[in-house]
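Trainee:
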Amino acid sequence: MNYIDIILRAIDYIEDHIFQENLYEKVFQHVKVSKYHFHRIFLAGTHETIANYIKKRRFTIIADRLRQTDDKVIEVAYDCQYTSHEGFTRAFKNYFSISPSRYRVSSKENPFLKINRINREFLEFTHSGLNLIPIVKICEELTLVGKRATTNLKNIQLDKVWNEFLTDCTKNDIRVSGQYAYTIWLESEQEARTVDEQHNYNLFVGFPKACTNVRGNNLETLDIDKGLYAIFSFKDDFSHIYRIYSYIYFVWLEKSGYRLGDGYVIETYSKDFSITNHTGEMSILIPIKKSNDYQEFNR
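Quick note, my numbering runs 21 ahead of the 1-based positions in the sequence shown.
The structure is reproduced here in structure tokens:
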């Protein structure tokens, strides 16, 4: 399955219906990919959440029209589905920190607030130069003990989540004998649009229950079902994790003969793992299943 084509299909739909109501939900209906996986696929490829991309594109189109035409502000407002001049001006000023009329005559620009339409060239560049070969294996069911947390999709602060969890373990005299720690990316119990607009995502951090001295209800538990996974492992340099996810979704899956499965996306870390010190080993486990349109993976 070509996930670049799926993103481009979503972008085509967004661009063709950019000011339509309920566009966010209609994008998911159009691409026919699970929300759990599509959030991560879209973010890995574009570096934007779906809701943020829609918002940026809307205001980019509006801003360009104000600068490039003599159309009245009220005409722009109505064309962009705003019901009043006041509502449009308020929304524009909240986003750009300047009124539409002042923006029109100003030469100042904040490039981080605008985005051009993302194309195939941009998506293919994000994973260029990578060639990772995973281990494909069935992983047995596993029970983890740990804690649930929420992190930001754009500025993921796993180190903070883990530091807080390890501090709690020390306070409660919880000892671990295993070799690996786990981060599980969960399906959110929140409504999907809320998750995307707030850029938050639920996760679970912890250790295999069999490798701890946990008794009673000191920690939460999470059961991982038996399933088929592609396991991508790398050592010492973790500065390109975004690109690695892009490679997995947009290169490896297309050629591998597999497609995304129904399980969780899992990350594991060795005892000596450190992003800042560039030590240890990290693995990304992607749930997969055989694709109907199998292609031989050219190694």
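Backbone N, C-alpha and C fix where the C-beta goes; we use that ideal spot for every residue, glycine too. Keep in mind the model is a prediction, meaning the values are calculated, not measured.
What three-state label does DSSP hand R138 in the structure shown?
Mentor: coil
Trainee: Are the beta-carbon atoms belonging to I75 and I139 less than 7 Å from one another?
Mentor: No.
Trainee: Tell me the DSSP secondary structure of Y315 in three-state form.
Mentor: Confidence is the limiting factor: at Y315 the pLDDT is only 43, short of 50, which leaves the residue's position unreliable, though a coordinate-based value still follows. Here DSSP, grouped into helix, strand and coil, assigns Y315 to coil.
Trainee: How would you write the range of the beta strand (DSSP E) that G227 sits in, first residue to last?
Mentor: Where G227 is concerned, the enclosing beta strand (DSSP E) starts and stops at 221-229.
Trainee: Relative to the alpha-carbon of Y290, which residue among F259, R123, K93, Y45 has its alpha-carbon at the smallest distance?
Mentor: F259
Trainee: In chain order, which alpha helix (DSSP H) runs of at least 4 residues are fully inside the region 140-210?
Mentor: 141-146, 179-192
Trainee: Note down the Cα distance separating K93 from Q102, rounded to an integer number of angstroms.
Mentor: 15 Å
Trainee: So for K256, helix, strand or coil by DSSP?
Mentor: strand
Trainee: Over the uninterrupted beta strand (DSSP E) stretch that includes V286, give me the two end residues.
Mentor: It spans 286-291 - the beta strand (DSSP E) in which V286 sits, taken as one unbroken run.
Trainee: Terminal residues of the continuous beta strand (DSSP E) containing E241?
Mentor: 241-245
Trainee: Pick helix, strand or coil for K76, following the three-state DSSP scheme.
Mentor: helix
Trainee: How would you write the range of the beta strand (DSSP E) that Y270 sits in, first residue to last?
Mentor: No beta strand (DSSP E) holds Y270; DSSP gives it neither H nor E.
Trainee: Please name the residue or residues paired with A251 in a DSSP beta bridge.
Mentor: V157, I307
Trainee: Between T171, A84, I154, R111, which has its C-alpha nearest E130's C-alpha?
Mentor: A84
Trainee: Measure from the C-beta of V286 to each C-beta in chain C and report whether the shortest distance is under 7 Å.
Mentor: Of the protein chains in this structure there is only one, and it is not chain C.
Trainee: What do you reckon, are the CB atoms on I252 and L306 nearer than 7 Å?
Mentor: A contact, by the Cβ cut-off of 7 Å.
Trainee: At a cut of 8 Å, does the region 225-234 reach the region 147-167 through at least three beta carbon pairs?
Mentor: Taking 8 Å as the limit for Cβ pairs, the verdict is that the region 147-167 does touch the region 225-234.
Trainee: Could you tell me which of I195, R196, D194, A202 sits nearest to W183, measuring between CA atoms?
Mentor: A202
Trainee: I believe I205 touches I287 by the beta-carbon criterion, under 8 Å. Please report the beta-carbon distance rounded to the nearest angstrom.
Mentor: With a beta-carbon spacing of about 6 Å, I205 and I287 fall inside the 8 Å limit used to define contacts.
Trainee: Just to confirm my understanding: we take S198, look at its own chain, exclude 5 residues before and 5 after, and list those with CB closer than 6 Å. What are they?
Mentor: The beta carbon of S198 lies closer than 6 Å to those of C232 in the same chain, with the five residues before and after it left out.
Trainee: What separation, rounded to the nearest whole angstrom, lies between the Cα atoms of F49 and K56?
Mentor: 7 Å
Trainee: Would you mind reading off the limits of the alpha helix (DSSP H) that contains Y103?
Mentor: Run containing Y103: none; DSSP gives neither H nor E here.
Trainee: Compare the Cα-Cα distances from N137 to each of T90, R111, R125, E69 and report the closest residue.
Mentor: E69
Trainee: By Cβ distance below 6 Å, which residues in the same chain neighbour L249 in space, the five residues on each side in sequence not counted?
Mentor: Excluding residues within five positions, the ones whose Cβ falls inside 6 Å are I159, I309.
Trainee: Between Y279 and K311, how many whole angstroms is the CB-CB distance? I'm expecting something under 8 Å.
Mentor: 6 Å
Trainee: Under the rule that 16 or more other beta-carbon atoms within 10 Å means buried, what is N319, buried or exposed?
Mentor: In this prediction, N319 scores a pLDDT of 37, lower than 50, which makes its location untrustworthy; the coordinate-derived value is nonetheless stated afterwards. Result: exposed.
Trainee: With 16 as the cutoff for other CB atoms within 10 Å, does R196 come out buried or exposed?
Mentor: exposed
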